[in-house]
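First the structure, in the form of structure tokens, and then the observations on it.
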Amino acid sequence: MQLKDKRIIVTGGASGIAAGTVRAYVREGATVAVIDINDELGQQTVAEANALSDATGKATYYHCNIANQQEVFTVFEQAAKDMGGLDVLAHIAGVEKLAAAEDYKPEDLDFQFGVNINGTVYTNQAACRIFKEQEGEGNIINFSSDTASSGMAGGALYAASKGAVYAWTRTIAYEWALKYDIRANCVNPTMKTPMYDHYLNSLTDEARAKFLEAERLKVPFRGEMGDVDRDMAPVMVFLASEASGFINGQIIPVNGGRNMLRG
């Protein structure tokens, strides 16, 4: 087991990439705190993960709004106490607000940036506090997007928020590594997820057909989005394991070659 005795917090664990990551971590022997605001789906993820495990790996659910700093600090401290410490934060939670760039309202910015930017800062800060108290190495895995560099028509705020995650991750990777032996990396996924399905469903039939054809050409390997369990989960296991112990400050694309075609 690659993650035996690892204690990991996973945010956004109720669905999508994060749920697949929870399953993989528990299967590999980790003790996992699953963070989300969707209690029903979060508990479902925990039940599915624990059903896959032997007596070593285990998942537990915690309700937490990552856009609230004090709530994040409180829940993270409790989760770390329950697990006997913390080794890895996999911060995957994120939201997407679709609209024409000229139509975004102040509340849209508050929602999108509150979760994707503030949530990244707060969860990373909470993990940093715990890592510092333990006086050992720490490992943070954040999630950005290829849209941070390519842009996203109809999703300008999402792309902007992910650009901020880029900059934040590279900054703390240097600053916190120097001061606290905490490393941080950022994953850019191209996966089939509920968020991706939501975007497809927002399009007209004609626009959806054009989008899927364009995606087929943009993703040269297999010509489609990846599968979370097959393509993403093994990478997340690697990044949480000792095998990745000297990787720091990197943007790691898991996208079938999409980014190499960026103009």
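Note that the numbering used here has the sequence shown beginning at 1, numbered continuously upward.
Glycine residues also receive a C-beta, built at the ideal position from the N, C-alpha and C atoms.
Here the structure is a predicted model, which is why all the values come from computation and not from measurement.
**Report entry** L98, DSSP secondary structure in three states
**Finding:** The answer is coil: DSSP assigns L98 none of H, G, I, E or B.
Report task. Give me whichever residues DSSP pairs with L89 in a beta bridge. Result -> Answer by DSSP bridge pairing, in chain order: I9, I140.
Query raised in the report: So G29 and G57 are in contact, right, with Cβ under 8 angstroms, and what is the actual spacing, rounded?
Result: Taking a contact as a CB-CB distance under 8 angstroms, the pair G29 and G57 counts as one, their CB atoms being some 5 angstroms apart.
Report task. Could you check the C-alpha separation between F266 and A127 for me, to the nearest Å? Result -> There is no way to answer for residue 266, as the model of the chain reaches only from 1 to 263.
Query raised in the report: When the distance is taken between beta carbons, is E224 closer than 8 angstroms to R216?
Result: It is a contact, given that the beta carbons lie within the stated cut-off.
Report task. Can you tell me which of D231, E40, I247 puts its alpha carbon nearest to the alpha carbon of G12? Result -> Closest by C-alpha distance to G12, out of D231, E40, I247, is E40.
Query raised in the report: Where does V219 sit, in a helix, a strand or coil, going by DSSP?
Result: It is coil, neither helix nor strand.
Query raised in the report: Taking the alpha carbon of W176 as the point to measure from, which residue in V72, A14, D146, N248 has its own alpha carbon closest?
Result: Selection V72, A14, D146, N248 evaluated against W176 yields N248 as nearest (Cα-Cα).
Report task. Pick out whichever of H63, R23, A159 has its Cα sitting closest to the Cα of I287. Result -> Because the chain is modelled from 1 through 263, residue 287 falls outside the range shown and cannot be assessed.
Query raised in the report: Is C186 helix, strand or coil by DSSP?
Result: Here C186 carries a strand assignment [DSSP, helix/strand/coil].
**Report entry** Beta-carbon proximity list for V228, same chain, < 6 angstroms, skipping 5 on both sides
**Finding:** Hits under 6 angstroms: I17, G20, M191.
Report task. Pull up the CB-CB distance for I182 and E137, whole angstroms please, since I reckon it's below 8 angstroms. Result -> Contact flag correct, Cβ pair sits at about 7 angstroms.
**Report entry** Spatial neighbours of N118 in its chain, beta-carbon cut-off 7 angstroms, leaving aside the 5 residues before and after
**Finding:** Counting only Cβ-Cβ distances below 7 angstroms, and skipping sequence neighbours, we find A67.
Query raised in the report: Between the Cα of D276 and the Cα atoms of S244, V254, A153, I140, which residue gives the shortest distance?
Result: The structure shown has nothing for residue 276, since the chain only spans 1 to 263.
Report task. Consult DSSP for K132 and reduce its assignment to one of helix, strand or coil. Result -> Looking at K132 - three-state DSSP - the assignment turns out to be helix.
Requested in this report: Whole angstroms is fine: what's the gap from H91's alpha carbon to N188's?
Outcome: Spanning the two alpha carbons is a distance of roughly 12 angstroms.
Query raised in the report: Going by DSSP, what residues sit across from I251 in a beta bridge?
Result: Answer by DSSP bridge pairing, in chain order: C186.
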